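FYI, numbering that gives the first Met the number 0 numbers position 330 of the sequence shown as 329, with every residue one higher than the one before it. Cβ coordinates follow ideal geometry from the N, Cα and C atoms, glycine included. Keep in mind the model is a prediction, meaning the values are calculated, not measured.
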Amino acid sequence: MRIGIVCYPTYGGSGAVATEMGRFLARAGHTIHFISLARPFRLLSDFHENIFHHEIGGETYPLFPGQLYTIAAAVKITEIVRHAGLDILHLHYALPHAISAWLAREMLGERGNIPILTTLHGTDITLVGSKPSFHPAVKLGLDRSDRLTAVSRWLADETCKLFKLCGGIDVIPNFVDTSIFTPERGGCTRKHYAADDEKILMHISNFRPVKRLEDVVAIFARVNERMPSRLLLIGDGPDREKAAITAEKLGVGDRVLMLGKQPGVEHFLPLADLFLLPSEGESFGVAALEAMACGVPVIGVKAGGLPEVVADGESGALRSPGDVEAMAAAAVEILSDDGKKREMGEAGRRRAMEKFEAGLIVPKYEALYREMIGEKSGY
Ligand code: GMT
């Protein structure tokens with residue numbers, strides 16, 4: 000199949016999932032055309048003869064309030080559907096990609112019959128997509144997609160509540176390549192980041208307010224009072240400064256290492272004793288799954304779709320959002336017992352392999368593509 004994948008290229012789960020999916024499908028012999036603002040971050044140093052990247056233009060004009068991304072994406076989609084002869088379009092993150100694709104359809108005339116699949120990732124439906132200033136447009140994009148998938152049961156239910164779309168959303172969970180994300184030490188050396196008697200806690204995200212980065216630091220500070228530890232923060236975003244200030248205030252500034260954006264997180268994750276994801280809520284939590292695949296127990300929240308990923312008490316511990324004390328207590332309990340930590344890590348790895356392995360999940364999309372192309376037999 001000639002598959003067009005529209006996604007955000009930036010540091011985040013939806014871009015990571017879209018890219019890994021494209022790589023996997025290319026290895027299976029399909030031709031993949033990524034359409035995004037820049038080369039997706041996990042594709043930066045990759046070469047595959049079946050993978051192409053097409054950049055969405057960034058035209059501006061002094062009269063415009065900013066870049067007209069929705070329109071530019073629609074025009075690029077139109078061009079690639081025509082020139083690459085795409086069989087199907089797969090949009091990641093409804094806002095605004097589902098709207099751009101609808102616009103592209105209008106421009107494509109007869110070729111507008113191309114099947115369109117939109118995968119809902121979370122904030123495109125919840126925090127951002129449900130805002131009154133976007134809601135009707137997102138609804139139109141969803142209605143005009145031929146099929147919808149959601150990355151968790153929870154997100155499908157939220158879409159039902161927020162958009163009155165209560166049937167016909169397939170739940171296909173996110174996935175991980177457990178041959179890349181493994182417990183074996185990757186390219187990083189532990190002693191570079193911590194002494195032998197120190198624990199390593201890790202957090203990876205885009206540092207947006209929803210991640211509650213100050214809670215990450217507060218949990219770490221409490222753990223560090225009980226056992227000498229280091230916190231490795233990987234990523235960047237609007238709350239970086241706040242996290243640094245909180246760390247200084249709590250007297251752990253010199254114990255928090257900010258490593259910035261790292262494209263190869265699989266090299267870092269195996270170093271961690273514990274992964275922290277105390278977000279307000281996650282529709283899924285790809286970073287937590289990647290930690291599990293690396294045999295690292297997860298401390299997170301009992302909210303959103305995270306409980307579908309992390310089995311509370313088995314592959315980690317989930318507490319209420321904002322309950323820093325409870326999350327720190329759970330972290331100390333796991334870190335104080337090497338046997339328990341190892342068991343949880345092993346259970347996480349097992350769960351990742353049994354339920355979320357790329358080789359199990361990506362074929363579900365492949366089957367859906369075939370079904371959709373078949374449905375449009377006139378095309
Ligand atoms: O919405 C964001 O802040 C980023 C977005 C993304 O593009 O990574 O994250 C969402 O999609 C991920 C991939 O499906 C999920 O793992 C994240 O849980 C989800 N974020 C939220 O629900 C906050």
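Tell me the residue span of the alpha helix (DSSP H) that contains leucine 268. Per DSSP, leucine 268 belongs to no alpha helix (DSSP H) and is neither H nor E.
Assuming alanine 103 and valine 80 are in contact, meaning their beta carbons sit under 8 Å apart, how far apart are those beta carbons, in whole angstroms? 7 Å
Whole-number beta carbon distance between alanine 25 and isoleucine 50, since they are thought to touch under 8 Å: 5 Å
With distances taken between CB atoms, is the gap from tyrosine 364 to isoleucine 171 smaller than 9 Å? yes
Is cysteine 293 buried or exposed, if buried means 16 or more other CB atoms sit within 10 Å of its CB? buried
Do phenylalanine 283 and histidine 120 come within 9 Å of each other at the CB atom, strictly closer than that value? yes
Ranges of the beta strand (DSSP E) found wholly within the region 99–181, counting only runs of at least 3: 115–119, 146–149, 168–170
Measuring only from the beta carbon, is glycine 299 closer than 8 Å to any heavy atom that is part of the ligand GMT? no
With respect to 8 Å, is the separation between the Cβ of serine 278 and the closest non-hydrogen atom of the ligand GMT below this value? yes
So arginine 189 and leucine 270 are supposed to be a Cβ contact under 8 Å. How far apart are they, rounded? 5 Å
Taking only three categories from DSSP, how would you classify phenylalanine 355? coil
If you reduce the DSSP assignment to three classes, tell me which class aspartate 311 lands in. strand
From the DSSP secondary-structure annotation, give me the bridge partner or partners of methionine 343. Looking at the DSSP assignment, methionine 343 forms no beta bridge with any residue, so it has no partner.
CB of tyrosine 92 to nearest heavy atom of the ligand GMT: below 8 Å? yes
Can you look up alanine 366 in the DSSP assignment and give me helix, strand or coil? helix
Rounded C-beta distance between arginine 41 and proline 262? I'm assuming under 8 Å. 6 Å
Where do the ends of the beta strand (DSSP E) carrying serine 228 lie? 228–234
Regarding arginine 146 and the ligand GMT, is the C-beta to nearest heavy atom distance less than 8 Å? no
Please state the DSSP three-state secondary structure of lysine 198. strand
Distance check for asparagine 112 and glycine 250, CA to CA, integer angstroms please. 60 Å
Closest by CA to histidine 53, which one among Tyr68, Ala37, Leu43? Ala37
Rounded straight-line distance, which links the Cα of histidine 91 to that of serine 13: 7 Å
Sequence-distant residues of the same chain with beta carbon closer than 6 Å to alanine 17, five excluded per side: Ile4, Cys6, His91
Is it a yes or a no for the region 155–163 touching the region 186–205, going by three-plus beta-carbon pairs under 8 Å? no
Nearest residue (CA-CA) to isoleucine 76, options Leu67, Ala93, Ile55: Ile55
With distances taken from CA atoms, which of Lys339, Thr69, Asp169, Ile70 is nearest methionine 371? Asp169
Here's the rule I'm using: 16 or more other beta-carbon atoms within 10 Å means buried, otherwise exposed. How should arginine 341 be labelled? exposed
Excluding sequence positions up to five away, which residues of its chain have a Cβ less than 8 Å from the Cβ of leucine 256? Tyr192, Arg229, Leu230, Leu231, Leu232
Is it a yes or a no for the region 121–129 touching the region 62–72, going by three-plus beta-carbon pairs under 8 Å? no
Less than 8 Å between C-beta atoms, sequence neighbours within five positions excluded: which residues of the same chain meet that for tyrosine 378? With a pLDDT of only 47 at tyrosine 378, under the threshold of 50, the placement of this residue in the model should not be trusted; the figure read from the coordinates follows. Closer than 8 Å at the Cβ level, and outside the excluded window around tyrosine 378, lie Asn112, Ile113, Pro114, Ile372.
I'd like to know whether the C-beta atoms of arginine 1 and histidine 47 end up nearer to each other than 9 Å. no
Find the nearest neighbour of serine 178 within the set Asp272, Phe23, Lys260, Gly140, judged by alpha-carbon distance. Phe23
Would you call the region 295–304 and the region 324–343 touching, i.e. three or more CB-CB distances under 8 Å? yes
From this set, His29, Ala83, Ala136, which residue's C-alpha is nearest proline 362's C-alpha? His29
So what's glutamate 281 in DSSP terms, helix, strand or just coil? strand
Report yes if the C-beta of aspartate 123 is less than 8 Å from at least one heavy atom of the ligand GMT; otherwise report no. yes
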